[in-house]
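Engineer:
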Amino acid sequence: AATETLFGRSIEEQNIALEKAAKVDHLEFIDSRIEQIDRNRLDQVTLVLGNRQTWKQTGSSRLHLKVGDTVRIERAAMGSFLLQKSSGSSSMRVKRID
Numbered sequence: 052a053a054t055e056t057l058f059g060r061s062i063e064e065q066n067i068a069l070e071k072a073a074k075v076d077h078l079e080f081i082d083s084r085i086e087q088i089d090r091n092r093l094d095q096v097t098l099v100l101g102n103r104q105t106w107k108q109t110g111s112s113r114l115h116l117k118v119g120d121t122v123r124i125e126r127a128a129m130g131s132f133l134l135q136k137s138s139g140s141s142s143m144r145v146k147r148i149d
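Numbered per this note's numbering, the sequence shown spans residues 52 to 149.
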């Protein structure tokens, strides 16, 4: 019955209805501590956060990050995400890889 109600609706409308049915909150940002930092040969970082999420730098912006720093990751335009140190105003583009 619930699936019939969604039949013919756009994917976006279906996702909104499913989120409401599952009572999923739509987060605009998360705050977490950096637990691990890895750097590739281009000096781009991959971060493991205290919430066990893994995020990889996608842009060329650089931030001075170290284990123990608290960061905020927030939604940006076109489905992208920005990571910012809690103590600063600069940010870098990241994507979740786990």
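Every residue, glycine too, gets a C-beta built ideally from N, C-alpha and C.
#1: Give the DSSP-derived three-state secondary structure of residue 136 in the structure shown.
#2: Please state whether the Cβ-Cβ distance between residue 98 and residue 105 is less than 8 Å.
#3: Use the C-beta contact count for residue 148: other C-beta atoms within 10 angstroms, 16 or more gives buried, fewer gives exposed.
#4: Are the Cβ atoms of residue 96 and residue 103 separated by less than 8 Å?
#5: Considering residue 146, what are the terminal residues of the alpha helix (DSSP H) in which it resides?
#6: Are residue 100 and residue 84 closer than 8 Å when you measure CB to CB?
#7: Can you list, in chain order, the residues of its chain with a C-beta nearer than 7 Å to that of residue 119? Leave out the 5 residues immediately preceding and following it.
Structural biologist: Concretely, from the data shown:
#1: Within the sequence shown, numbered from 1, the residue matching residue 136 stands at position 85. In the structure shown, residue 136 sits in a strand (DSSP, three-state: E or B).
#2: Translated into the one-based positions of the sequence shown, residue 98 becomes position 47. Translated into the one-based positions of the sequence shown, residue 105 becomes position 54. Contact flag set, yes.
#3: Translated into the one-based positions of the sequence shown, residue 148 becomes position 97. Exposed, by the Cβ-count rule.
#4: By one-based count along the sequence shown, residue 96 stands at place 45. By one-based count along the sequence shown, residue 103 stands at place 52. In this structure, residue 103 does not lie closer than 8 Å to residue 96 by Cβ.
#5: Counted from its first residue, the sequence shown places residue 146 at position 95. Here residue 146 belongs to no alpha helix (DSSP H); instead the beta strand (DSSP E) covers 142-147.
#6: Taking the first residue of the sequence shown as 1, we reach residue 100 at position 49. Taking the first residue of the sequence shown as 1, we reach residue 84 at position 33. A contact, by the Cβ cut-off of 8 Å.
#7: In the sequence shown, residue 119 corresponds to position 68, counting from 1. Same-chain partners within the cutoff: 84, 85.
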